[in-house]
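One structure is given below, encoded as structure tokens.
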Amino acid sequence: MSRSNILFVINPISGGKNKAKIPGLIEKTLDISKFTANYSFTEYAGHASIIAEEAANKSFDIIVAVGGDGTINEVASIVLKHNKVLGIIPFGSGNGLARFLKIPLKPSAAINIINNYNISTIDSGLFNGKGFYNMAGMGFDAHISSVFARDKSRGLTGYLKLGLKEVLNYKAQTYQLNIDGIDYTFKAFIISIANSSQYGNNAHIAPSASVKDGLLDVCIVKEFSMFKLPLLAYQMISAGTDNSNIVEIIKGKNVKISRVEEGPIHIDGEPFFMGREIEISVAPLSLNIIVPK
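Those letters in the sequence shown? Residues 17 to 309, per the numbering used here, in order.
Okay, structure coming up:
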């Protein structure tokens with residue numbers, strides 16, 4: 017039986033966790049009767065996609081993202097393009113997609129999921145032409161992603177400190193939405209386009225979201241008093257936002273959003289700057305990914 021070539025694309029700074037020992041752990045845990053392991057460490061933003069592209073053009077059928085949702089996004093976009101298979105060893109601040117797919121956060125357990133090699137095919141999204149696999153959006157969460165990217169602190173603690181610092185000064189904005197041909201207007205604090213249910217750290221913005229239904233969940237966090245912030249946080253942690261009067265969730269396949277001015281957006285937690293007009297669509301069952309049985 018021939019072994020499959022597998023490349024581990026390792027982001028050394030994601031989640032603020034040291035990954036120098038990861039190759040050794042993989043050598044110890046990976047089933048070498050099935051796989052031949054190779055490793056590459058990223059050196060800058062966007063490098064993971066370059067590494068994955070080179071691997072996909074060679075003899076690698078499996079490319080594993082070792083990092084957070086941003087690293088997964090870079091690798092997944094290349095995997096999808098070349099019809100390869102994605103693996104995940106979660107090492108981010110939130111690990112939203114990995115948590116949703118029930119991929120273990122313990123690295124050795126995540127490697128054993130790869131050993132079992134159970135492949136599922138999930139939906140992906142396009143946000144003004146850029147692929148996303150967990151969550152994309154605009155508003156306060158995009159603002160925080162932009163600020164967080166410039167901050168030297170990584171990990172959940174740094175993210176929460178920034179969020180608490182910025183939330184009091186952020187103002188809701190007016191958005192025009194068209195979802196599958198129906199028009200809406202909202203003054204919103206956040207608009208999230210959810211493929212999975214959660215941002216990460218089990219903060220569920222779209223509790224009924226599925227990565228296999230061919231739909232995206234458009235989650236509108238409406239303007240609200242800061243006194244209700246603890247309630248919103250509780251609803252997200254308890255996966256109760258679908259019964260919230262703060263959050264409105266509309267499922268759809270094709271979404272157009274018009275906002276007052278250009279500004280930051282985020283795609284799987286990574287910040288970008290885009291114009292006033294945004295077009296979003298879903299590509300049903302388009303990404304091959306290794307998941308638990």
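Ideal Cβ placement from N, Cα and C applies to all residues, glycine included. If you're wondering where the values come from, they're calculated on a predicted model, not measured in any experiment.
- For Tyr-60, no beta strand (DSSP E) run applies, since DSSP gives it neither H nor E.
- The three-state reading of DSSP puts Tyr-55 in strand, counting E and B together.
- The beta-carbon distance between Ile-138 and Leu-301, rounded to whole angstroms, is 7 angstroms. This is short enough to meet the 8 angstroms contact definition.
- Rounded to the nearest angstrom, the Cβ distance from Tyr-133 to Lys-44 is 18 angstroms, too far for a contact under 8 angstroms.
- Annotation for Leu-23: the continuous beta strand (DSSP E) segment containing it runs 20-26.
- Closest in C-alpha terms to Ala-81, from the list Lys-74, Ile-22 and Ile-253, comes Ile-22.
- Every alpha helix (DSSP H) stretch that sits fully inside the region 104-178 and reaches 4 residues is listed by chain position as 112-116, 123-132 and 156-166.
- For Phe-76, the secondary structure class from DSSP, reduced to helix, strand or coil, is coil.
- Only exposed fits Val-276, as fewer than 16 other CB atoms lie within 10 angstroms of its CB.
- Between Ile-209 and Val-234, the gap from beta carbon to beta carbon is short of 8 angstroms.
- Excluding residues up to 5 positions away in sequence, Lys-272 lie with their Cβ nearer than 6 angstroms to the Cβ of Asn-194 in the same chain.
- Under the DSSP assignment, Tyr-250 falls in the alpha helix (DSSP H) whose first and last residues are 245-253.
- Assignment of Glu-277 by DSSP, reduced to helix, strand and coil, places it in the coil class.
- Excluding five sequence positions before and after Asn-99, the CB atoms of its chain that fall closer than 8 angstroms to its own CB belong to Asn-304, given in chain order.
- DSSP lists no beta-bridge partner residue for Asn-217.
- Each residue's CA atom was taken as its position, placing Ser-65 and Ser-224 some 30 angstroms apart.
- Ranking Ser-124, Ala-68 and Pro-106 by CA distance to the CA of Phe-116 puts Pro-106 first.
- Annotation note: the region 185-216 contains the following uninterrupted beta strand (DSSP E) runs of length 3 or greater, listed N- to C-terminal: 189-195 and 198-210.
- Between the region 66-76 and the region 30-40, the count of Cβ pairs shorter than 8 angstroms is below three; the stretches do not touch.
- Within the DSSP bridge table, the entry for His-98 names no partner.
- For Met-290, DSSP records a beta bridge to Gly-279.
- Where Glu-239 is concerned, there is no enclosing alpha helix (DSSP H), because DSSP gives it neither an H nor an E.
- Beyond the five residues adjoining it in sequence on each side, Ile-281 comes within less than 6 angstroms, by CB distance, of Met-154, Ala-158, Phe-288 and Met-290 in the same chain, given in chain order.
- With 16 or more neighbouring CB atoms inside 10 Å of its own CB, Ala-152 falls in the buried class.
- Taking 8 angstroms as the cut-off, the beta carbon of Pro-308 is found no closer than this to the beta carbon of Ile-79.
- In this structure, the CA atom of Thr-87 is about 8 angstroms from the CA atom of Ile-26.
- For Leu-303, the beta-bridge partners assigned by DSSP are Ile-138.
- Looking only at Ile-221, Val-237 and Ser-226, the smallest Cα-Cα distance to Gln-189 is reached by Val-237.
- Thr-201 has its alpha-carbon roughly 31 angstroms from the corresponding atom of Asn-111.
- Between the alpha carbons of Lys-244 and Gly-256 lies a gap of roughly 14 angstroms.
- Check the Cα spacing between Asn-211 and each of Asn-150, Ser-30 and Ile-104: the tightest is with Asn-150.
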